Each structure stands twice: as C-alpha cells, then as structure tokens.
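Which chain is which? The protein sequence lines are C and U, in order.
According to this note's numbering, the first sequence holds residues 11 to 120 in order.
According to this note's numbering, the second sequence holds residues 11 to 120 in order.
2 protein chains.
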Amino acid sequence: MSTTINTTGWSHTEIEISQKVLKKAYQRETETLMAQVRNQIEDMSDMEQLWQIHDLLSAKRYDLDGKYDTREGMLVFTFAQLLKEGWISLEELTGLDSAKLGKISSLSKM
Amino acid sequence: MSTTINTTGWSHTEIEISQKVLKKAYQRETETLMAQVRNQIEDMSDMEQLWQIHDLLSAKRYDLDGKYDTREGMLVFTFAQLLKEGWISLEELTGLDSAKLGKISSLSKM
Chain C
11 MSTTINTTGW SHTEIEISQK VLKKAYQRET ETLMAQVRNQ IEDMSDMEQL WQIHDLLSAK
71 RYDLDGKYDT REGMLVFTFA QLLKEGWISL EELTGLDSAK LGKISSLSKM
Chain U
11 MSTTINTTGW SHTEIEISQK VLKKAYQRET ETLMAQVRNQ IEDMSDMEQL WQIHDLLSAK
71 RYDLDGKYDT REGMLVFTFA QLLKEGWISL EELTGLDSAK LGKISSLSKM
C-alpha cells in the first residue's frame, strides 16, 4: 500500500488530478477558439477573411492534436506547455508531488 | 478584321463574356459558401462541428483553386463544370459561338 512519490511514476490521485485539469484546459482552449471563430465570422466580409479563418483552424487543429499528450511520461511537458500558454495555473495542479510541480514550473518558463 | 468562330480560338468578345460570367459565378459560389459557414457557426455547439466546418473549408478551398481555370484551352471545361453545379446558366453564355455552347452543354451532362 505505498504511494508513488517519485517524479516519473504517477500515483492514482495524481492521475485523477491530471485528467481533471487536462479536461478543463481543453474545454477552456476550445471554447476560446469557438468564440474567436464566431467573432471573426461575424466581422467577415470577403473570402480573404474566410481563408484566414481556415488557416487559423488548420493551425489550431494541428496544435490541439499534439498538445494534449496524456501519456504519463509526457504529462510534465504537457502541463508545462499549458501553463506557459495560460490555459492552466500552477495552483490547479495542487496535489501533484513537489518535484513534478517544480519541473512543470521550470519547463513552463523556457 | 476577322472574328474567330472556331471552337478552340476565343474572340475578344467571347473572352469578355467569359470573364464576366466567371466573375459572377465565383461571386455566387463564394457568397453561398460564406452564408453556409455563417449558418453552421451559428448552430455550432461543440468542437466536432467546428472541425466539420474546417473540413468543409479545406475541401472548398481545394475545389475553388482548381475549378476556375481561365486558360483558353480549358474554358469549355470550366463552364461545363459550373453549369453542371448550377453556378451559371447556359443563357448567360449567350454570345459564345454555337459550337462552344454545344460542347459546354454536352460536357455538363456527363
């Protein structure tokens, strides 16, 4: 009945916290994107602007596909990226062990 | 001072008619696309629908890039395709010689 507290293994509680935070971040990011597209469509008056929206969607789709990497070995990097981009705060990750939080915080500043 | 009336050469008048009709068709098609995207964005409630809009834009962009081929040797095919898809009527091409109109009409039914 030991709890994993090293920086590579993730305890059951840490996984639960991670899933919750990832879900919230994804929801924030996609809702922001939907709102942005709605605004741009509202202001759209020519095809050039529609292709700009298409370009935005192509870039965001690629970005979102790669960014939400939920593999244990990648979670520290995933959270660092989301923190850097402002989709999550370090406080939301409370409950992860301090070594992981330290890594995430450091990586987010790179 | 001869007027070209064969089916491959295009007279100055025919080119003028063609340019006007192509411009109108492109305008109709892109305005329809903009209206369609506006409607879909209005009804959008989740990301799945936003990605469907992205897929639609990718397909239409590719389609529009290839379809409006204004090279003289391709005009008959361009008009046949636009006629088939309903973006132009045969009446709008009045002024082209009858052999070209016949070709366009036949090709549009293939």
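Every residue gets a Cβ at the ideal spot worked out from N, C-alpha and C, and that includes glycine.
Note that the structure is a prediction, hence the values are computed from the model and not measured.
Do the stretch 98-116 of chain U and the stretch 49-64 of chain U meet, that is, are 3 or more Cβ pairs less than 8 Å apart? no
Return the residues of the stretch 47-78 of chain C that lie within a Cβ-Cβ distance of less than 8 Å from chain U, sorted by chain order. Hits within the stretch, in order: Val47, Arg48, Ile51, Met54, Met57, Leu60, Trp61, Ile63, His64, Leu67, Ser68, Arg71.
Shortest alpha-carbon distance to Gln35 (chain C) belongs to which of C:Gln46, C:Gly96, C:Trp20, C:Asp75? It is Ala, not Gln, that sits at residue 35 (chain C) in the sequence shown. The option with the nearest alpha carbon to Ala35 (chain C) is C:Gly96.
Cβ distance (whole Å) where Leu100 (chain U) is taken to contact Glu24 (chain U) below 8 Å: Taking the Cβ atoms as the reference, Leu100 (chain U) lies roughly 15 Å from Glu24 (chain U), outside the contact range of under 8 Å.
Is DSSP giving Thr42 (chain U) helix, strand or coil here? helix
Cutting at 7 Å between CB atoms, please list the residues of its own chain near Ser68 (chain C), excluding the five before and the five after it. Exclusion of the five residues before and after Ser68 (chain C) leaves no residue of its chain whose Cβ lies closer than 7 Å to its Cβ.
Taking Cβ positions, are Leu32 (chain C) and Tyr78 (chain C) nearer each other than 8 Å? yes
Whole angstroms are fine: how far does the CA of Val86 (chain C) sit from the CA of Met120 (chain C)? 13 Å
Between the CA atoms of Val47 (chain C) and Asp39 (chain U) - distance to the nearest angstrom: Strictly speaking, residue 39 (chain U) in this sequence is Glu, with Asp absent from that position. Between Glu39 (chain U) and Val47 (chain C), the C-alpha separation is close to 21 Å.
Looking at chain C, which residues of the stretch 14-42 of chain U have a Cβ within less than 8 Å of any of its Cβ atoms? Thr40
Along chain U, which residues have their Cβ under 8 Å away from the Cβ of Met44 (chain C)? Met54, Met57, Leu60
Anyone know if the C-beta pair for Ser116 (chain U) and Leu93 (chain U) falls short of 8 Å? no
Coil, strand or helix - Thr80 (chain U) by DSSP: coil
Take Gly19 (chain C) as the anchor and find which of C:Gln91, C:Gly83, C:Ala90, C:Thr88 has the nearest alpha-carbon. C:Gly83
May I ask you to list the residues that DSSP assigns as paired with Thr104 (chain U)? U:Leu106
Determine the DSSP secondary structure at Ile27 (chain U), reduced to helix, strand or coil. helix
For the alpha helix (DSSP H) containing Lys94 (chain U), name the first residue and the last one. 85-94
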